[in-house]
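Peer 1: Would you mind keeping the following structure in view while I ask a few things?
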Ligand code: UD1
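This is how it looks when you write it as structure tokens:
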């Protein structure tokens, strides 16, 4: 199994190209199931999760081809991919595939809306909490789906071959359930109003895609989304937005090691709250024509309290990385996680690097120290893994991050991007 070896202590300087967002690419790819035309997606990141979803969609009959000029399609770089679901050959998403990635459960929405039936295994994914699917089921039922859960599978059917529009109020904000209901409602008969919908930029990206495919959607990016169902959707060409979590991760790396880096192609509006927090810690953040410039010189890192919450608040997917940064702050900070109940598994690994962190319920109290010391660490989920990489970059000596496959799920060419800015970081294969 691959490992990442880091020798910490170098400041980062240079530029890092920001890839297409994993969490936007996945729902856009799934939207290809809604049409028998070709959906062309630009800027699709080259990641293990994307490859896995290509396999899952292939099982339903979705063909894909990578296009564009050869020099732009180098291995490991974001690509333009055509998806064609002309013939859906299977409406079952089996356990062996869905259990590897939670987001693949989302195929239930488009399959049900286009084919009138779907049988989808209950999901797996990152071990960061129980992550139930009750909101998906309740929402689809509101659109007229008949559901049964049998043997670990959700078996869904429409009554007369088609879903019908309705009003659904999410009892809790859910990104995935908003994606699924927006896709399903696009092909339903009549109007659907989703209240307390997620407002994440990835929702807006999916709405743009659906609208380009002929859907009638208003209000994406606000908490009320209105969808007037249409008979059929067509193909389209859509660009995946830049990854705000990758952007925030590298910004935090610079804030922690010091240095001066331009995050090329990054969009500040996608992560304004996190950038504001970084400014409070003492980093200089400047939007530029190329993207976002992040700088920190001389002065230490100021402690800042943070609470995760749905967009536009501080994202849970940057919580672990921010905790990494706070381990070297000049004082105490409190980090409260409100989205996932079990998302502090990086705490014990950061402690192996010397961090002082105590847990009190859903809050971590971080007592900053002058310098972390390198150690072997083990990552438990995607964002936790990258928090250990950031901490390793700032720590004295050598850090080896084990179980790198988590990183490969969500960070494109991580070692290359960081070593291009002066970090000593390499992958050790086998
Ligand atoms: C997405 C992101 C993930 C991010 C999360 C929160 C993708 C592929 N993943 O995950 O990186 O951390 O948003 O920003 O985009 N919940 C229920 N019942 C449900 C559905 C969700 O109780 O039916 C709960 C979850 O357990 C969690 C909260 O709602 O506590 C938010 O989860 P949700 O927004 O659905 O996360 P995902 O879409 O899975």
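In the working numbering, the protein residues as written are 1 to 430.
Idealized CB from N, CA, C, for every residue including glycine.
According to DSSP, which residues form a beta bridge with residue 44?
Peer 2: Residue 44 sits at position 44 when you count from the first residue of the chain shown. Residue 44 is bridged to 79.
Peer 1: Among 15, 299, 1, which one has its Cα closest to the Cα of residue 419?
Peer 2: As a working note, residue 419 is residue 419 in the chain shown. Looking at the Cα atoms, 15 is the closest of the given residues.
Peer 1: Enumerate, from N- to C-terminal direction, the unbroken beta strand (DSSP E) stretches of 3 or more residues contained entirely within the region 280-340.
Peer 2: Those beta strand (DSSP E) runs which fall completely within the region 280-340 and span 3+ residues are 284-287, 291-296, 332-336.
Peer 1: Report whether the distance from the Cβ of residue 196 to the nearest heavy atom of the ligand UD1 is below 7 Å.
Peer 2: As a first step, residue 196 is located in the chain shown; it is residue number 196 there, counting from the start. Residue 196 Cβ: outside cutoff for every heavy atom of the ligand UD1.
Peer 1: With DSSP as the reference, please indicate the residues paired to residue 86 in a beta bridge.
Peer 2: As a working note, residue 86 is residue 86 in the chain shown. According to DSSP, which records beta bridges pairwise, residue 86 is partnered with nothing at all.
Peer 1: Going by CA-CA distance only, name the one from 340, 252, 226 that's closest to residue 392.
Peer 2: Locating residue 392 in the chain shown gives position 392, counting from the first residue. The candidate whose alpha carbon is nearest that of residue 392 is 252.
Peer 1: Output needed for residue 351: all residues of its chain with C-beta closer than 8 Å, excluding positions within five of it in sequence on either side, in chain order.
Peer 2: Your numbering for residue 351 matches position 351 in the chain shown. Only 357 meet the Cβ criterion.
Peer 1: Mind checking which residues open and close the alpha helix (DSSP H) that includes residue 158?
Peer 2: In the chain shown, counting from the first residue as 1, residue 158 sits at position 158. Looking at the DSSP string, residue 158 is not in any alpha helix (DSSP H); the run it does join, the beta strand (DSSP E), is 153-158.
Peer 1: Say the cut is 7 Å; is the CB of residue 202 nearer than that to a heavy atom of the ligand UD1?
Peer 2: For the purposes of this step, residue 202 is taken as residue 202 along the chain shown, with counting starting at 1. Yes, the Cβ of residue 202 comes within 7 Å of a heavy atom of the ligand UD1.
Peer 1: Between the C-alpha atoms of residue 129 and residue 22, what's the straight-line distance to the nearest angstrom?
Peer 2: Mapped onto the chain shown, residue 129 falls at position 129. Mapped onto the chain shown, residue 22 falls at position 22. Only weak support exists for where residue 129 lies, its pLDDT of 49 falling under 50; the value from the coordinates is given anyway. Taking the straight line from one Cα to the other gives about 20 Å.
Peer 1: Give me the Cα-Cα distance between residue 36 and residue 346, rounded to the nearest whole angstrom.
Peer 2: Indexing the chain shown from 1 puts residue 36 at position 36. Indexing the chain shown from 1 puts residue 346 at position 346. Distance between the alpha carbons of residue 36 and residue 346: 43 Å.
Peer 1: Give the single residue among 269, 266, 250 whose Cα lies nearest to the Cα of residue 260.
Peer 2: As a position in the chain shown, residue 260 is number 260, starting the count at 1. Of the candidates 269, 266, 250, the one whose C-alpha sits nearest the C-alpha of residue 260 is 250.
Peer 1: Any idea if residue 87 is buried or exposed, counting beta-carbon neighbours within 10 angstroms, 16 or more meaning buried?
Peer 2: Your numbering for residue 87 matches position 87 in the chain shown. With fewer than 16 Cβ atoms within 10 Å of its Cβ, residue 87 is classed as exposed.
Peer 1: For residue 314, verify whether its CB is less than 7 Å away from any heavy atom of the ligand UD1.
Peer 2: To locate residue 314, count along the chain shown from 1; it is residue 314. Residue 314 Cβ: outside cutoff for every heavy atom of the ligand UD1.
Peer 1: Just the C-alpha distance for residue 53 and residue 330, rounded to the nearest angstrom, thanks.
Peer 2: Start at 1 with the first residue of the chain shown, and residue 53 comes out as number 53. Start at 1 with the first residue of the chain shown, and residue 330 comes out as number 330. For residue 53 and residue 330, the distance between alpha carbons rounds to 43 Å.
Peer 1: Return the first residue and the last residue of the beta strand (DSSP E) that residue 194 is part of.
Peer 2: On the chain shown, residue 194 is found 194 positions in, with the first residue counted as 1. Residue 194 -> beta strand (DSSP E) spans 191-195.
Peer 1: According to the Cβ coordinates, are residue 258 and residue 184 closer than 8 Å?
Peer 2: Indexing the chain shown from 1 puts residue 258 at position 258. Indexing the chain shown from 1 puts residue 184 at position 184. Against a cut-off of 8 Å, the Cβ pair of residue 184 and residue 258 comes out as no contact.
Peer 1: In the DSSP assignment, what are the bridge partners of residue 38?
Peer 2: The residue labelled residue 38 in the question sits at position 38 within the chain shown. Paired residues: 84.
Peer 1: Hey, out of 239, 223, 215, whose CA is closest to residue 231's CA?
Peer 2: Residue mapping note: residue 231 aligns to position 231 of the chain shown, counting from 1. For residue 231, the nearest C-alpha among the options comes from 215.
Peer 1: Which residues does DSSP pair with residue 121 in a beta bridge?
Peer 2: Numbered from 1 along the chain shown, position 121 holds the residue referred to as residue 121. 153.
Peer 1: Does DSSP classify residue 236 as helix, strand or coil?
Peer 2: For the purposes of this step, residue 236 is identified with residue 236 of the chain shown, where counting begins at 1. Strand, per DSSP.
Peer 1: Compute the distance between the beta-carbons of residue 325 and residue 281, then report whether it is under 8 Å.
Peer 2: Taking the first residue of the chain shown as position 1, residue 325 is located at position 325. Taking the first residue of the chain shown as position 1, residue 281 is located at position 281. A contact, by the Cβ cut-off of 8 Å.
Peer 1: Nearest-angstrom Cα distance between residue 292 and residue 181?
Peer 2: Within the chain shown, residue 292 is the residue found at index 292, counting from 1. Within the chain shown, residue 181 is the residue found at index 181, counting from 1. Near 33 Å, if we compare the C-alpha coordinates of residue 181 and residue 292.
Peer 1: If I'm right that residue 235 touches residue 39 with Cβ under 8 Å, what's the distance once you round it to whole angstroms?
Peer 2: As a position in the chain shown, residue 235 is number 235, starting the count at 1. As a position in the chain shown, residue 39 is number 39, starting the count at 1. Indeed they touch by this definition, with Cβ atoms about 6 Å apart.
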